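Structure first, commentary second.
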Amino acid sequence: MLRRFRLDEPESVAEVSELLGRFGDSAKVYAGGTELLLAMKEGLVHYERLINVKKLKGLGEVASDNGTIKIGALCTHHELENSSLIKQSLPALAQLEQNVANVRVRQAGTLGGNLCFAEPHADPGTLLIALGATMVAQKSSSKREIAAEEFFVDAYETSLEADEVLCEIRVPTPGPNGRSAYLKFGYLERPSVGVAVAFNLINGNLSDIRIAVGCAGPAPKRVAQAEALLSGKSKDEAARNLAQAGALAGRASQAISDLHGAQDYKEHIVGVLLKRAFQAALS
Amino acid sequence: MANGSSRNSDRQTIPVSFTLNGRLQEMDVEPHELLLDVVRDRLGLTGAKRSCDVQVCGACTLLVDGRPVSACTTLAFEVRGSSVMTIEGLADEGKLHPLQQAFIEHGGFQCGFCTPGMLLAAKALLDEIPNPSEEQLKHFMHGNLCRCTGYKKIIESIMAAAKKMRGGRA
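The listed protein sequences derive, respectively, from chains D and H.
Take 13 as the starting number for the first sequence in our numbering and just add one per residue.
Take 63 as the starting number for the second sequence in our numbering and just add one per residue.
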């Protein structure tokens, strides 16, 4: 059962921002609804009005532009798993999207909605941090880019301002030496742990490595200490440091004990997934 | 601001026009009305089932423009301008769809609660991939839960229907 609410259907981002500014906490942006409607049905949250953004033009495309893949916030998981540009340029993202929830959720859910809802057990944020993505946030009169690792603040909390709208996700196009992988593990409907790695492999040496961990704690995090153990190393040296990097990443994940696993269990799984993600990225 | 919506008293209604099992359907819905409630309670089509209510089990699966959606978590106004198929629209004037026939012939159901959703999800699968591998089938169907069959018979049923729909070709 959903409680009654009003629906606004503005036609521009500026209008959305204006409505958010005017109605504050009593209004919420509605896109795919896959997370929001569940929380509303459960009575965990209630909004007097939902602002349907699905009629906004130009936020549903994927494009390659001067070394950047631009993903409109309204792209659904289904569209992204099937996008030839994503499959070709960001295969780890295509694979991640293919494994989000189930076919019905992928059909309705949008990448932007997933990121903005900031459910701790979501997959995309973790990989986007590793890929060095930025989020384009817009309001009536201004626009800014937020680094993915600055975007997630806490469970269900992002650094978006109250009247800001996430419009686009920008991912630097990996070069020919770019490697990346995202792996997750869980035994419930949502993952217990997700780990992403991205790096360049040049003459057998790793550079520009980025590691991110998600699902285990309240928000996905970049793990710089683990990166430092692998960056600039040869493949073999990096492989020898993986166990130590995994242990660091586990501790940095801020894992919490809950239904999805105990803290030490999740920390261990982070290490296992880091090794496997590293191997997957190399293969 | 909402196009064509009216706000008499404190109730907002949205006129929606869509195709339901091939027939034009026009009605007013409130923003908070769920597609599953509209289809079951207002239109009397009770094939789609409410079960988990959180988009996990697939018992409420309907096809909107050929794609499977969870009617339990879809706002009814979203189907405006779309084509909606419920299980009641799968058979063609009394003639069972090959999937329905295959589920009967291969024992693809026991209690039948998941079956409407199973059949519609399988239809979407075969419309997208007429000749699926077992792996593709399992990946597509893993969001439809069955507590009776153990899935083996369902997989056999869908594979048999797929073959029949391709005209018996491998």
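Think of the CB as a built atom: it goes at the ideal place given N, C-alpha and C, for glycine as much as any other residue.
Keep in mind it's a predicted model, so treat the numbers as computed, not measured.
Within the region 89 to 113 of chain H, the residues whose Cβ lies closer than 9 Å to some Cβ of chain D are 92, 93, 94, 95, 96, 99, listed in chain order.
Of all residues in the region 195 to 211 of chain D, the ones placed with a Cβ closer than 8 Å to any Cβ belonging to chain H are 201, in chain order. At a cut-off of 9 Å between beta-carbon atoms, residue 49/D makes contact with chain H. Selection 90/D, 75/D, 89/D evaluated against residue 83/D yields 75/D as nearest (Cα-Cα). With respect to the 9 Å criterion, residue 52/D and residue 16/D are not classified as neighbours on the basis of their beta carbons.
Per the C-alpha coordinates, the member of 176/D, 231/D, 287/D positioned closest to residue 162/D is 231/D.
Note that the C-beta distance between residue 72/D and residue 87/D is below 9 Å.
Within the same chain, Cβ atoms closer than 6 Å to the Cβ of residue 238/D are found at 223, 257, 260, 261, the five residues on either side in sequence being excluded. The continuous stretches of beta strand (DSSP E) do not include residue 171/H, and DSSP gives it neither H nor E. Only those residues of the region 113 to 128 of chain H whose C-beta falls short of 8 Å from the nearest C-beta of chain D are listed: 115, 116, 117, 118, 120, 123. Within chain D, the residues whose beta carbon sits less than 7 Å from that of residue 74/H are 18, 19, listed in sequence order.
As the crow flies, the alpha-carbon of residue 80/D is around 10 Å from that of residue 146/D.
Between residue 42/D and residue 135/D, the C-beta gap is not smaller than 9 Å, which leaves the two residues out of contact. Residue state for residue 278/D is assigned as helix, using DSSP reduced to three classes. Contact between residue 192/D and residue 142/D holds: their C-beta atoms lie close to 6 Å from each other, under 8 Å.
Under the Cβ criterion (8 Å, minimum of three pairs), the region 193 to 201 of chain H counts as touching the region 220 to 232 of chain H. Listed as beta-bridge partners of residue 158/D by DSSP are 147/D. Secondary structure at residue 78/D: coil, using DSSP grouped into helix, strand and coil.
At a Cβ-Cβ threshold of 9 Å, residue 125/H and residue 182/H count as neighbours. In the structure shown, residue 150/H adopts helical secondary structure according to DSSP, grouped into three states.
As the crow flies, the alpha-carbon of residue 247/D is around 14 Å from that of residue 289/D.
Any Cβ of chain D closer than 9 Å to the Cβ of residue 186/H would place that residue at the interface, and such an atom is present.
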